[in-house]
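Presented below is the structure to which this report refers.
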Amino acid sequence: MARGRRKNKKNIPAKYVLLMLTLVCFLLMLGSFTLGWTAGPVGTAASYVFIPMQRGLTEVGNWISDKTHELSSLRNVMSENEALKSQVDALTEELNALKLSQYDTEDIRELAELEKSYSEYKKLPASVISKDPGNWFDTFLIDKGEADGVAVGMNVITGSGLAGIITEVGANYAKVRAIVDDTSSVSGMVLSTSDYCVVSGDLQMMDERQMITFSSLKDTGGKVSVGDQVVTSYISPDYVQGLLIGYISEIHVNSNNLTKSGLITPVVDFEHIKHVLVITDLKTTTETVEKE
Amino acid sequence: MLRKITVFLIVLVCFVLQTTLFQSISFLTVAPNLLIIVTASFGFMRGKKEGMYIGLLCGACLDIFYAHILGGYALLFMYIGYLNGFFRKLFFPEDFKLPMVLVAASDFVYNFAIYFFLFLFRNRLKFPYYLSHVILPEMVYTLLMMIILYFIILKVNRRLEEIERRSAAKFV
């Protein structure tokens, strides 16, 4: 019998093999925890097998979800909607710039300068090829990698809002952690008052209300209100400044009576994310300056 | 050899489907876990060793692209495959209840481990919420998908065993 033949070949009891492989896994975990190992070259090699298939199937998946959309709305409405959406994106950007020019305090004028540079950031279009296979995290792969000049730490946007940050790069793919991921946190700033806050993803809030949370907002003047825009801040070490995150939809005063927290409605539709732009300008921090 | 190639292809196809198609047609933002079905099925159909290797392969696929800590998924899937192997003696192809219970249990253990190590350790304490909104919906959806996938795996396995038996008989 087949099993008998197999037994003659190699006969290490399963539990020893299990023990050995467990040790290997623990070594890998230790390595990735302390030395920051990633799949690197193995990932690149594997990506040549997986990515063409994933790209194709994502297209199919997109097609199916598009079709289900069309069931409820007519085709021309969809295309009109698409056109209007891009118009909204453009107008939002324009409105951002206009709003900024309204505020005439010194630092806001500085931000307006930055806003101008926001549209001057070098951007690289990319498509989403696959998403995290589980239901716990919100990460996805895009079809541009090291070969296209993508590097770890670059910001990813869609339309007019911030989508995420690149956390891993292979030769022809890159992994993006969305800002709605439970482990993500971004240093944000309320545009109207330039108060800083921390914007963090939350699986529960995202599931229940499609929102992300913000905390540690020091709004001493009490001027921040629902509907205010939140953008990435100057002090963020990872995100370039002035990228729109979303609009405040709920504010609570924390029990310490000093800071506020609440909810933000993100501008990006993370359920149907298909195409993104990678900002290839990395944020220059003092650390990187020192290195240079 | 034929078995190795076939199993590898099954894992590959499931991984690709799980990361693409099933994510875009996810129902209530929950997607099924095909790799758990593959790992558990081969575990109780073929025994501890094979379940272990196939689990390792599934986990490695996830680790390469979606690891939080390299080796974590591999370890988890490997143990799920191995533990399912203990039920081989109780397994009969005609009986659908045991596979269902085992796949459901495997999916639960897998998600509970992820919650425990990657959420609870970050002070996300509301387990009942995560249980009712992530773990249980995924379990139900996975069981639904299992109805299709399990019979494919069962058929493929039966066919492979037939071929192996025939080629073994030639040498006797």
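The listed protein sequences derive, respectively, from chains A and B. If you use the numbering used here, the first sequence corresponds to residues 768 to 1059, in order. If you use the numbering used here, the second sequence corresponds to residues 3 to 174, in order. From the three backbone atoms N, C-alpha and C, an ideal C-beta is built for every residue, glycine too. Remember, predicted model here, so these are calculated numbers, not experimental data.
Here's a check: name, in chain order, each residue in its chain whose Cβ is nearer than 7 Å to the Cβ of residue i, leaving out the five neighbours to either side.
i                  : result
Gly58 of chain B   : According to the sequence provided, residue 58 of chain B is Leu. The question's Gly does not apply to it. If we look at Leu58 of chain B and ignore the five residues flanking it on each side, its Cβ neighbours are Ala76, Phe79, Met80.
Met141 of chain B  : Ala106, Asp109, Phe110
Ile779 of chain A  : none
Ser897 of chain A  : Gln821, Thr825, Phe907, Leu908
Tyr888 of chain A  : Val1007, Ile1046, Asp1048
Ile116 of chain B  : none
Met972 of chain A  : Met978, Ile979, Thr980, Leu1030
Thr1051 of chain A : none
What does residue i reach in chain A if we use C-beta pairs closer than 7 Å?
i                 : result
Glu140 of chain B : Asn902
Lys50 of chain B  : Ala781
Against residue i, what residues of chain B qualify as contacts under a CB-to-CB distance less than 9 Å, listed in chain order?
i                 : result
Ile831 of chain A : Leu23, Ser26, Ile27
Phe981 of chain A : By Cβ distance, chain B contributes nothing, its closest Cβ being about 17 Å from Phe981 of chain A, past 9 Å.
Gly828 of chain A : Thr22, Leu23, Phe24, Gln25, Ser26, Ile27
Glu820 of chain A : The amino acid at residue 820 of chain A is misidentified as Glu; the sequence shows Met. The answer, in chain order, is Leu14, Val15, Val18, Thr22.
Keeping to the same chain, check which residues put their C-beta closer than 6 Å to that of residue i; ignore five residues upstream and five downstream.
i                  : result
Ser894 of chain A  : Asp910, His1042
Glu52 of chain B   : Phe44
Pro1108 of chain A : There is no way to answer for residue 1108 of chain A, as the model of chain A reaches only from 768 to 1059.
Ile71 of chain B   : none
Asp915 of chain A  : none
Val965 of chain A  : Ser952, Ser982, Ser983
Phe17 of chain B   : Cys63
Cys1001 of chain A : Here the sequence assigns Tyr to residue 1001 of chain A, which means Cys is not the residue at that position. So the qualifying residues of the chain are Gln1008.
Ile1040 of chain A : Val895
Trp804 of chain A  : Gly798
Met148 of chain B  : Ile39, Val105
At a CB-CB cut-off below 8 Å, which residues of chain A make contact with residue i?
i                 : result
Lys128 of chain B : Gln971
Tyr131 of chain B : Gln971
Leu58 of chain B  : Leu788
Tyr84 of chain B  : Ala781, Leu785
How would you list, in chain order, the residues of chain E whose beta-carbon sits under 7 Å from the beta-carbon of residue i?
i                 : result
Thr789 of chain A : Here the protein chains are A and B, and chain E is not one of them.
Where do the ends of the beta strand (DSSP E) carrying residue i lie?
i                  : result
Leu970 of chain A  : Careful: Leu970 of chain A lies outside any beta strand (DSSP E), inside the alpha helix (DSSP H) at 970-976.
Val965 of chain A  : 962-967
Phe118 of chain B  : Phe118 of chain B -> no beta strand (DSSP E), and no H or E assigned at all.
Pro780 of chain A  : Looking at the DSSP string, Pro780 of chain A is not in any beta strand (DSSP E), and its letter there is neither H nor E.
Tyr1064 of chain A : Nothing in the structure corresponds to residue 1064 of chain A, since chain A is present only between 768 and 1059.
Pro1004 of chain A : No beta strand (DSSP E) holds Pro1004 of chain A; DSSP gives it neither H nor E.
Val1043 of chain A : 1042-1046
Asn1024 of chain A : Premise fails: Asn1024 of chain A is in no beta strand (DSSP E) and is neither H nor E.
Lys942 of chain A  : 941-945
Ser983 of chain A  : 979-984
Val997 of chain A  : 996-999
Thr805 of chain A  : Unbroken run through Thr805 of chain A: none, as it is neither H nor E.
Met956 of chain A  : 952-957
Asn125 of chain B  : Taken as a continuous stretch (DSSP letters only), Asn125 of chain B belongs to no beta strand (DSSP E), as it is neither H nor E.
Thr1051 of chain A : Run containing Thr1051 of chain A: none; DSSP gives neither H nor E here.
Between which residues of its own chain and residue i is the CB-CB distance below 8 Å, once the five residues before and five after are set aside?
i                 : result
Leu158 of chain B : Just to set this straight, residue 158 of chain B is Val in the shown sequence, not Leu. Excluding positions up to five away in sequence, the list reads Thr8, Ile12.
Tyr783 of chain A : none
Phe89 of chain B  : Gly45, Phe46, Leu100, Leu104
Gly49 of chain B  : Gly87, Arg90
Ile155 of chain B : Ile12, Ile39, Val40, Ser43, Phe44, Met47
Leu162 of chain B : Leu4, Arg5, Thr8
Leu146 of chain B : Pro34
Tyr132 of chain B : Tyr117, Phe121, Arg126
Asp871 of chain A : Residue confidence is low: Asp871 of chain A scores 49 on pLDDT, short of 50, so the model does not pin down where it sits. Its coordinate-derived value is still stated next. No residues qualify anywhere along the chain.
Run through chain B and tell me which residues come within less than 8 Å of residue i, C-beta to C-beta.
i                 : result
Val805 of chain A : Sequence inspection shows Thr at residue 805 of chain A; the Val mentioned does not correspond to that position. Near Thr805 of chain A (Cβ distances below 8 Å), the residues of chain B are Ala69, Leu72.
Gly810 of chain A : Ile66, Phe67
Leu838 of chain A : Per Cβ cutoff of 8 Å: no residues; Leu838 of chain A is ~13 Å from chain B at best.
Leu824 of chain A : Val18, Leu19, Thr22, Leu23
Lys942 of chain A : Phe67, Tyr68
Please list the partners that residue i has in chain A, where partner means a Cβ-to-Cβ separation under 9 Å.
i                 : result
Leu120 of chain B : Trp903, Phe904, Asp949, Thr950
Thr31 of chain B  : Asn902, Met973, Asp974, Glu1038
Met54 of chain B  : Ala781, Val784, Leu785, Leu788
Met1 of chain B   : This structure gives no information on residue 1 of chain B, because the portion of chain B shown stretches from 3 to 174.
Met80 of chain B  : Leu785, Leu788, Thr789, Cys792
What does residue i reach in chain B if we use C-beta pairs closer than 7 Å?
i                 : result
Trp898 of chain A : According to the sequence provided, residue 898 of chain A is Lys. The question's Trp does not apply to it. Under the 7 Å cutoff, chain B gives Thr21, Gln25.
Leu908 of chain A : Phe67
Leu795 of chain A : Leu72, Gly73
Starting from residue i and walking both ways along the alpha helix (DSSP H), at which residues does that stretch end?
i                 : result
Pro900 of chain A : From DSSP, Pro900 of chain A is part of no alpha helix (DSSP H); its letter is neither H nor E.
Phe129 of chain B : 129-132
Any alpha helix (DSSP H) of 4 or more consecutive residues that is wholly inside the segment 19-107 of chain B: 23-26, 36-48, 50-68, 74-87
Segment contact flag, the segment 888-907 of chain A with the segment 939-957 of chain A, C-beta cutoff 8 Å, min 3 pairs: yes
Validate contact between the segment 31-38 of chain B and the segment 824-837 of chain A using beta carbons, cut 8 Å, 3 pairs: no
contact_flag[the segment 920-930 of chain A, the segment 98-107 of chain B] where n(CB pairs < 8 Å) is 3 or more: no
Segment contact, 8 Å Cβ cut-off, at least three pairs: the segment 948-958 of chain A with the segment 911-926 of chain A: no
At least three beta-carbon pairs within less than 8 Å, the segment 7-23 of chain B to the segment 933-940 of chain A: no
Inter-stretch contact at 8 Å, needing at least 3 Cβ pairs: the segment 990-1010 of chain A / the segment 164-174 of chain B: no
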